[in-house]
Every structure is written in C-alpha cells, then in structure tokens.
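Novice: Reading the sequence shown from the start, the letters are residues 281 to 632 in the numbering used here.
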Amino acid sequence: SADGDDDESLNDMLQAQTLMALSRSRSEQRRRDHAAPRRTGAGGAGDPGSGDDSDGDGSSNGSGGGGGGSPADPAGLPLVSTMLPRRQFDPDNVCIPGRQQTRQYNIADVDPWVIQRINTLTIMMMTLEVLSRALPFRPDHLITGQNVRNLMAALPWNVLTGANIPEPISFEITVDGRLGFLIERYSAVEFQDLIAYWESTHRFPVPSSLIRSIPYLATFVVERKNRRSHAGARWKQILNLFLIAMREGWCDLDLLLDPYFLHFPKRTDEVAWYPGIEVRSANIADPQLNRREPTDLIEALAECDAADPWRTHYRLHHASHPARRIARLAGKFFNMAALNPNAPPLAPEPWS
281 SADGDDDESL
291 NDMLQAQTLM
301 ALSRSRSEQR
311 RRDHAAPRRT
321 GAGGAGDPGS
331 GDDSDGDGSS
341 NGSGGGGGGS
351 PADPAGLPLV
361 STMLPRRQFD
371 PDNVCIPGRQ
381 QTRQYNIADV
391 DPWVIQRINT
401 LTIMMMTLEV
411 LSRALPFRPD
421 HLITGQNVRN
431 LMAALPWNVL
441 TGANIPEPIS
451 FEITVDGRLG
461 FLIERYSAVE
471 FQDLIAYWES
481 THRFPVPSSL
491 IRSIPYLATF
501 VVERKNRRSH
511 AGARWKQILN
521 LFLIAMREGW
531 CDLDLLLDPY
541 FLHFPKRTDE
551 VAWYPGIEVR
561 SANIADPQLN
571 RREPTDLIEA
581 LAECDAADPW
591 RTHYRLHHAS
601 HPARRIARLA
611 GKFFNMAALN
621 PNAPPLAPEP
631 WS
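1. Secondary structure at Thr592, three-state DSSP: helix, strand or coil?
2. Under DSSP, the alpha helix (DSSP H) around Lys612 begins and ends at which residues?
3. Figure out for me which residue from Asn570, Leu537, Leu542 and Pro567 has the closest Cα to the Cα of Asn444.
4. Return the chain-ordered list of same chain residues with a C-beta closer than 7 Å to the C-beta of Pro621, the five sequence neighbours on each side being excluded.
5. If we call anything under 8 Å between Cβ atoms a contact, is Gln380 one with Asp372?
6. Nearest-angstrom Cα distance between Ala580 and Pro495?
7. My output table needs one value for Gly378: the three-state DSSP class, helix, strand or coil.
8. Give the single residue among Met406, Ile606, Trp530 and Glu479 whose Cα lies nearest to the Cα of Trp553.
9. Cutting at 6 Å between CB atoms, please list the residues of its own chain near Ala481, excluding the five before and the five after it.
10. Could you please give me the residues that DSSP links to Thr499 through a beta bridge?
11. Which residues does DSSP pair with Thr454 in a beta bridge?
12. Taking 6 Å as the limit between beta carbons, can you name the residues of its chain near Pro539, skipping five residues before and five after?
13. In angstroms with no decimal places, state the Cα-to-Cα distance between Gln368 and Met406.
14. On the criterion of 16 or more Cβ atoms from any shown chain inside 10 Å, does Pro574 qualify as buried, or is it exposed?
15. Taking contact to mean at least 3 C-beta pairs separated by less than 8 Å, is the segment 503-514 in contact with the segment 458-476?
16. Name the DSSP bridge partner or partners of Thr402?
17. With 16 as the cutoff for other CB atoms within 10 Å, does Thr402 come out buried or exposed?
18. Report the three-state DSSP secondary structure of His510 (helix, strand or coil).
19. Counting pairs of beta carbons, one from the segment 528-536 and one from the segment 553-564, are three or more of them closer than 8 Å?
20. Could you check the C-alpha separation between Tyr477 and Arg483 for me, to the nearest Å?
21. Which residue marks the beginning of the alpha helix (DSSP H) containing Tyr477, and which one marks its end?
22. In the DSSP assignment, the alpha helix (DSSP H) including Ser489 goes from what residue to what residue?
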C-alpha cells in the first residue's frame, strides 16, 4: 500500500542513517566509555544501543530519585550533584524515548517524532551525532505535489549518464565475445532504468496524508516502487549473463567492482534522501553558521549531492570511487578476445 511504502521508506532511512552516524562516532564513544559507567542491557535487534554503549538496568544510577553510585552524563563527564534534579520529571515509561530501555509507543503518543526511530532509541544511549542527524527533521514543507513535479521535470537522473559515465578500469569497452555482449546489454539496461538507479539513493519519504490527498503523489509513490521492482528483475538478468561470462573464463567477481557499473544499494545499506538535512545538521553543529535552508527540492538536491558523492554513484566524482583504491582492478581483464571473432552475433534476448 502507499502507506506501507511510506513507512518502509522512513524505517529504512532512519535505521541506515543511524548506523552511519554511529559508525562515524564509534571511536569517539569508546574514548568516552573510559569515563562513563559500563552499561549492559536490552536494545532491539540492530538498534544503535547494541554493542559497546548498550544500556543497563539502571541499578547503578538509580531509577527514580537519582540516588546511588556516581552518575556520569553521556559525554563521560561526572555529574555535579548541585546540577542534578531532586527527582526525574517522570518515570522511565513516560520518557520519549525511554530512559534506560526501548519502549513501543503509539504514533499519537510521540507525534511529530518518527515512531520507527523513537521505538529503537533510549535517552542513555544517545550521542550528539544521533541527536543532531538521525532524530527526525521531517521535510514536509518541501514535499509538495508541485515541488515533486518540478524535481522530476528537471530530469535529475541525467547526471548518471552521457559524459559522466566513467571509462572502465578493469576491461576494455571494445571487448567482443560474451564479455562484450554482457557490457552491451548492461549499458542498455542501465539507460532503461536510469530513474530507478537515481531514486535508489534519492528516495525521499512522502507523508501518508499527502499520498491520500494529492493524486499525483499517490501515483508517484506507486510508480517509484514499480520502477525499482522492474529494475531489480532486469539486473538479475544481467547477473545471469555475468555468471556465464565468469564460467567461460572472461572475468571473475572483480568485474562488478568496476566504476563503470551502477549498483542498487542493499536494503540494509540504503539511506533515504531526507531533503534539507545537510543544512539542518550543519546549523546544529555550528549555530553561528546560519546557512539558509533550501526552499524547494531542487535546491535540496544540489546540497545533498555535494555532501555525499555516493548519491550520484560517484559519477560526478570519478576519482573518489572506492574501486579506484583497489590496485588489482587496473587492466585486470584487458586483452581478452573471442575465440572466433567472425561468429555471428548473439541473438538479442527479450527484456521486460
């Protein structure tokens, strides 16, 4: 359903964005742990609290009046007793999110916070990175029917094609035989599914209320989901050709690492586009910055792509592609040629 698609998009974005944020701050958190009390406890599977900074049962710090132990704040600094409250403002089960343990809230109880995120957090496991970047800034004011129309009319996926397609580094583009056929078919599929490839790294949440009230957005959400599904099916057909090419001795798995190929992020890796979050995060990190927030999706897109080169699959930043740091790829499948170059070309296969 459209509502389900909206929820899935939000959940994927928030989970992946949190994992990214925590990975960047993990070394810093380990340094803090030397000053902070060790906590063990129960976060949900895959939630940011699992691991070194998981939560405890509160026995060392007390759970109500603040008695017992020598508490420390999340930054690892000892808490001065004169700065502590006489009592916590409310019991753990009333806090948003839970103080020591994750809670399962109803949407109405935590609105306007995004419930999928709140239900996986605790106050005691929050870091500044999580607070400034992962907690919800919902760009509802940017997601309008007209803004989405304008964005799609600008054909932003064209940034992935034309002169921005990189030269392969592991194979020769003029190769013939099975490998040449594979490259030819892949190029056709890439062009056919260009919108889906672009959307895979620019998937923004559309509020359910707008899906219900604006027919264009309802259609957009359904078509976006269909594009991804069809593109995924065609990619599997490419992988089938790739398997044959490997078995015949044309290449090995490293071929897929070449910057020439676009890849859909795994569901667990995918980070949705949250328009405007780059400026918001920068302004939170430096209140003196005062960067102007984007007024439409096209402005937000420019900031997003500038901040994260992977969003354009590195096609605006060829030198930054991770594959270029893998020395063995350079020329690995050069000088390959068909045993019988005069054989008739393979008949085209039907593509859905």
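Just so you know, even glycine gets a beta-carbon here, dropped at the ideal spot from N, CA and C.
Specialist: In short:
1. helix
2. Segment: none, Lys612 is in no alpha helix (DSSP H) and carries neither H nor E.
3. When each option's Cα is compared against that of Asn444, the closest is Leu542.
4. Asp456
5. yes
6. 24 Å
7. strand
8. Glu479
9. In the sequence under discussion, the amino acid at residue 481 is Thr, which differs from the Ala named in the question. Hits under 6 Å: Arg591.
10. Thr499 pairs with nothing; no bridge assigned.
11. Beta-bridge pairing links Thr454 to no other residue.
12. Pro446, His601 and Ala603
13. 18 Å
14. Its Cβ being crowded by 16 or more others within 10 Å, Pro574 is buried.
15. yes
16. Gly378
17. Buried.
18. Note: His510 maps to helix in three-state DSSP.
19. Taking 8 Å as the limit for Cβ pairs, the verdict is that the segment 553-564 does not touch the segment 528-536.
20. Rounded to whole angstroms, Tyr477 to Arg483 spans 10 Å at the Cα level.
21. Leu474 to Ser480
22. Ser488 to Ser493
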